[in-house]
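Notes follow the structure.
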Amino acid sequence: MEELILKLKQEIIEVLNLEDIKPEDIDNDAPLFGEGLGLDSIDALELIVLMEKNYGIKLQDPAKGKEIFKSINVMADYIQKNRTR
Amino acid sequence: MIMEGKSIKILSAKQISIQNPLSEEWMESPLSYSEDYVRAVDPDFKQFISAGDARRMGKLLKRALATSLSALQEGGIENPDAIITGTGFGSIENTELFLDALVREGEQLLKPTQFMQSTHNTASSLIGIHTHCHGYNSTYSQKGFSFDSALYDAWMQFRIGRIASALVGSHDEMSPVFSGFVRKAGHVGEGEICSEAAVSVLMAESGDNAYCTLEGVRLLDNPSDDTIRQILADMTAGGIDAVMTGMSGNSVNDSWYGFLDKMLPGVPQLRYKPLFGVNFSSSATGFYAAACCLKKGSVPSVLSVSGKTVSCGKGILLVNVVEGRHYSFVLLKPVCGR
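Those protein sequences? They're chains A and B, same order as listed.
Be aware that the first sequence starts at 465, since it is given in this note's numbering, and climbs by one per residue.
Be aware that the second sequence starts at 24, since it is given in this note's numbering, and climbs by one per residue.
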């Protein structure tokens, strides 16, 4: 799981172009949206693309993203349970 | 609001190009290049854009925003009535990334950020959002005639009294792949530097310490010699110091300006393309250079075809000819009393 969390953080930093942020700067339990990383709705779309492209997870209901993208820990847990690649 | 007979003041003009950015150092110590493809010299964008805001911006958007904010700051206007932008191909690097992904991913899994940036009007809308200017916002994409078209729109908006201030710019980037296409298509010729440029100009009916005044703009498609002669007679009736041309040293391009020798004999000719390179926003760099010369009161020898310094007391006529058939004539005059 730790390996997946690190990989996920690196992917998020790359895909969202978070230039000044390192994986260790991201708190595993901190909210990704609003407070914490302060991501927005366009970032949510980027994360949906990331999940499908890298893990084969297609979110049929984008509204579910609100729960899945709650934090790194929640996201990694969802990926581990639902990944197809 | 501006009426017939009144002029428009150019309050500030800023560039990011192959010369030192946001600076007039080129007038004293221009950078010179031996390469035929040169990318822009970028400033430190962090002084204009936070890391959070910058993460979704390609180079073109950062440059457009930096020149715009810098021009607004110097001109002392926070919220211009209009934002009018020219661009030949917009954020072409993001467009390339988007199209590459389209092919690679089989039209699936496309990144929204690249899609957003692959539209031509992204720069103008970004400037509007960032500066909270929610008035007239327009983008012109007419290849090398884009800035001229944007400027003409601003001119008309002033003339009919719809606006009292405008931020007019032109922004183009040139990726390595795209520069190859541009050369093959003949937009940049032998002996010309394929370059990038972002230029923002703030203009208003009133304001202190203006660079110069905008006295007239004319755009024509395939004009006859008689029409050109009449326009030159009208626009130079009050006298001019020099004509700023789009000549570059390329024989095909320069032949389009041959009429100036016959119709404006003895008038010193200037050229900016050897200094700023050739791209779809080139004429904006010419406008910027002329405005800087009028502010300073003299034209540096590096711009002069004859290699001689020219004094600026009466005005500069800008002539841009694109593809041998699209003509623009723009008259800039010094501020009275300077």
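Glycine residues also receive a C-beta, built at the ideal position from the N, C-alpha and C atoms.
Owing to the predicted nature of the structure, the values given are computational and were not obtained by experimental measurement.
- In this structure, B:L174 lies away from B:M267, with their beta-carbon atoms at least 8 Å apart.
- Taking the CA atoms as reference points, A:A540 sits about 18 Å from A:Q524.
- With a beta-carbon spacing of about 5 Å, B:L225 and B:A94 fall inside the 8 Å limit used to define contacts.
- Across the set A:D484, A:Y542, A:I476, A:I469, the C-alpha of A:D484 shows the shortest separation from the C-alpha of B:D76.
- Straight-line spacing of the CA atoms in A:D507 and A:L480 works out to 7 Å.
- Within the model, the alpha-carbon separation for B:S164 versus B:E116 is close to 16 Å.
- For B:H194, the enclosing beta strand (DSSP E) has its first and last residue at 188-195.
- B:N343 has its alpha-carbon roughly 22 Å from the corresponding atom of B:E47.
- In the DSSP assignment, B:F352 falls within the unbroken beta strand (DSSP E) covering 349-356.
- Considering only beta carbons, the part of the stretch 481-508 of chain A lying closer than 8 Å to chain B consists of N481, L482, E483, D484, G502, I506, in chain order.
- Against chain B, the beta carbon of A:E516 has neighbours under 7 Å at L132, listed in chain order.
- The three-state reading of DSSP puts B:T136 in helix, counting H, G and I together.
- Across the set B:Q131, B:L120, B:H153, B:H155, the C-alpha of B:L120 shows the shortest separation from the C-alpha of B:Q140.
- DSSP, read as helix, strand or coil, puts B:Q253 in helix.
- In the structure shown, A:F497 adopts extended strand secondary structure according to DSSP, grouped into three states.
- Of the residues assessed, A:M465 falls on the exposed side of the cut-off, its CB having fewer than 16 other CB atoms within 10 angstroms.
- B:R79 belongs to the set of residues whose beta carbon lies under 8 Å from a beta carbon in chain A.
- When the beta-carbon positions are compared, B:L298 and B:P53 come within less than 8 Å of each other.
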